[in-house]
Every structure is written in C-alpha cells, then in structure tokens.
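A.B. asks:
There are 2 protein chains.
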Amino acid sequence: MILSPPAREVMSTDCPWRDVNEMLRLAGLRPTRQRVALSRLLLGKGARHLTAEMLFEEATQARIPVSLATVYNTLNQLTEAGLLRRVCVDGNKTYFDTRVSAHHHFYLENSYELVDIPDLDLKLEEHPRAPDGYEIARIDLIVRLRKIR
Amino acid sequence: MILSPPAREVMSTDCPWRDVNEMLRLAGLRPTRQRVALSRLLLGKGARHLTAEMLFEEATQARIPVSLATVYNTLNQLTEAGLLRRVCVDGNKTYFDTRVSAHHHFYLENSYELVDIPDLDLKLEEHPRAPDGYEIARIDLIVRLRKIR
DNA sequence: TTACGTGCAAATAATTTGCAGTCCC
DNA sequence: GGGACTGCAAATTATTTGCACGTAA
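Chain order of the listed sequences is L and D.
Mapping of the first sequence onto our numbering: residues 4 to 152, in sequence order.
Mapping of the second sequence onto our numbering: residues 4 to 152, in sequence order.
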C-alpha cells in the first residue's frame, strides 16, 4: 500500500504517539510495540540515513526489545509503504532514508556517511528522456566525496 | 597500481593477444591464462556491464577453465587497476562496467539490465560543489526505468 | 627456482525465511 | 479467538579467504 505524499508530510513532522499509530495504520500495518518504537526512532528527528544494523543498535540502547530480523522486516515494510527510501551506495550495506521526496546525496567515502545534498546546490540536470516504452521510475544521484589530504 | 587513461584507451580498442598481455603487465598483473582469457571476454567487444556470475557463465560457455573465485579476484584486480568500474545498483549484485570514463546509466528494473546513457542525452548538471575539506571522487547517476504497461 | 596465481572448500556478511509462540483487534 | 506479528535460529546469496598445488618469469 502506498501512502500519498501529503499524508506523510503531516505525520512525520514530529512524533507524538497518535501520529505514528495512525501512520502505521494508514500504511496497512498493525501498530505493534516494536513498529511504533522503531518508527519513532526513525521519523522522530528529521532526515536520517540508517542501516538496519544502526537502527537495531539505537533500539537496543533505547532499551527497546526488538530482534534484528524484525528491524529488517519493519524497514522493508515501511519502504514498501513509501515511508522510507532505500539508498544503495556500495553494495554491501543498504541505507534507508527517512526523506522520501526527490533529492540527492553526498557519500562521504572516509566515514561511510550519507548526507542529503541541499536542493539549492543542485540546479538539476535536464534529465535524459526515457527510451520508448519506458518511464522513469526514479533518479539516483550520488556524489562521492573524499576528504582532502 | 593505477593506469593512466591514455594507456587504457589504446589497449581496449580491440583485443589482439599482445595488447591484453601488455595491458595486464602495465597493470602490474601477471598475464596468466585465466586473466588473459577473462580480459578478452571483458574488453573484446565494446562497453559491457557484467556481474561476476555473468562473466563466469560466459567463461564456462567458452570452455575457459576458471573458478568463480578467480573471476571475483580478477574483476577486483582490474577494478583496482582502473580498467573496470564498479557500479552499484540495488545492493545485492555488483556490476562491473568496462567503460571507465565519466558517464551515467539507465537501469532497467524489469530486466535488471544496466545500459549506458548516451552522453548526448545528458546535458550534464552543474554539479554541486563539494563542501569545504572535501573533493569529488566520482559522481554516479542512475536513472531507473520501468517498462510502460 | 620462487614468488605469484589458481582452485577448492570453508568462512564471512548482510539479509531473508520457517515456524512456534505472542499480541492486537 | 484468530489472524497478524515477533523472535530465534537456520537458510540464502554474494563475496572473500586460507591453503595446497600449479605455473610464469
């Protein structure tokens, strides 16, 4: 089930209980303890880029009892529902981005961090038209950065 | 060891024996049976996008006795040497691109195929400047395509 | 000769899945 | 109460590595 953008906008601004519950319900997911807790961690503080392992770690620190498998499942379900976006950087780790609107990324090769590129900095390319018979599903632009010296 | 662009240009245009041998030697790799054979498959016919598994399959069909591990090792060594470029599309498969100069890709989501975007079709974006202290290592642009209907 | 390569099988790493028990509606 | 969800452990997939043997210089 795909959530329409406006619905998402409202829900993710901050993170009071009812909103997360409702968000999950709208996404067709039962608001269980684990899902609610993970959603709050994810969406409670602006744009974030997390791996499953990172979120699991955070949950553990926050004394939220949840298994790694459930973290994976939840991330996949929220992605499915359009509440998260999968970002692939280097093949051996999958990042999940809490900002789902169109935007691009810097990848810091030294620290393995993913950072949003401010829209202002990017007068977007006239992107190529899709070949006949195809439509553009999405455009991923990743600028890989390396520390100088 | 990194090969300078001009050297590469010359070597990869076609694929006579001596050139591949020399190419490998210049890259600091001993031109063994397997490496020579794999290099010819890779570089013998224009731009290609292959996974290790695909190359292994091709080698097997061509009666080239080589192990999957050696295919992986060779791909990594050639990438290291700047003769191939790693492209990450969806996290669970690594593609190797035989074209190492700057260019971008279409990814066909239905067939899991990677295709070069003709340079003509892409008036390149004024790409964002790197933040202070960083330099741009590389820019990856992937336009994901989906078949219409 | 001798260091570098190769093949195989075993090791890793990230992620998924099967299933028995648990919890929301 | 019943189906959806969770946790655990086992399975999968892509890739890497250790080591005995082979081969190019």
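A virtual CB, placed ideally from N, CA and C, is assigned to each residue, including glycine.
Where do the ends of the beta strand (DSSP E) carrying Tyr98(D) lie?
C.D. replies: Here the beta strand (DSSP E) through Tyr98(D) covers Thr97 to Asp100.
A.B. asks: Per DSSP, which residues does Phe109(D) bridge with? Please list them.
C.D. replies: Phe109(D) is bridged to Val118(D) and Val146(D).
A.B. asks: Determine the burial state of Ile151(D): buried for a count of at least 16 other Cβ atoms within 10 Å of its Cβ, exposed for fewer.
C.D. replies: Label assigned to Ile151(D): exposed.
A.B. asks: Listing by chain order, which chain D residues have their CB less than 8 Å from the CB of Asp100(L)?
C.D. replies: Under the 8 Å cutoff, chain D gives no residues; its nearest Cβ is about 13 Å from Asp100(L).
A.B. asks: If the criterion is Cβ atoms closer than 9 Å, does the pair Val103(L) and Ile145(L) meet it?
C.D. replies: No. Outside cutoff.
A.B. asks: Secondary structure at Leu87(L), three-state DSSP: helix, strand or coil?
C.D. replies: In the structure shown, Leu87(L) sits in coil (DSSP, three-state: anything other than H, G, I, E or B).
A.B. asks: Between Val69(L) and Arg43(L), which are expected to be in contact by the criterion C-beta below 8 Å, what is the C-beta distance as a whole number of angstroms?
C.D. replies: At roughly 12 Å, the Cβ-Cβ gap does not stay under 8 Å, so Val69(L) and Arg43(L) are not in contact.
A.B. asks: Run through chain D and tell me which residues come within less than 8 Å of Asp93(L), C-beta to C-beta.
C.D. replies: Ordered by position in chain D, the residues that pass the 8 Å Cβ test against Asp93(L) are Cys91.
A.B. asks: What are the boundary residues of the alpha helix (DSSP H) that Thr35(D) is part of?
C.D. replies: Element bounds for Thr35(D): n/a, residue is neither H nor E.
A.B. asks: State yes or no: is the beta carbon of Arg88(D) nearer than 9 Å to at least one beta carbon in chain L?
C.D. replies: No, because no Cβ of chain L sits closer than 9 Å to the Cβ of Arg88(D).
A.B. asks: What number of angstroms, rounded off, separates the C-alpha of Pro131(D) from the C-alpha of His106(D)?
C.D. replies: Cα to Cα, the separation comes out at about 17 Å.
A.B. asks: Output the distance between the C-alpha atoms of Cys18(D) and Lys48(D), rounded to the nearest integer angstrom.
C.D. replies: Summary for Cys18(D): the model assigns pLDDT 43, below 50, so the residue's position carries little reliability; its value from the coordinates is reported in the next sentence. Taking the straight line from one Cα to the other gives about 8 Å.
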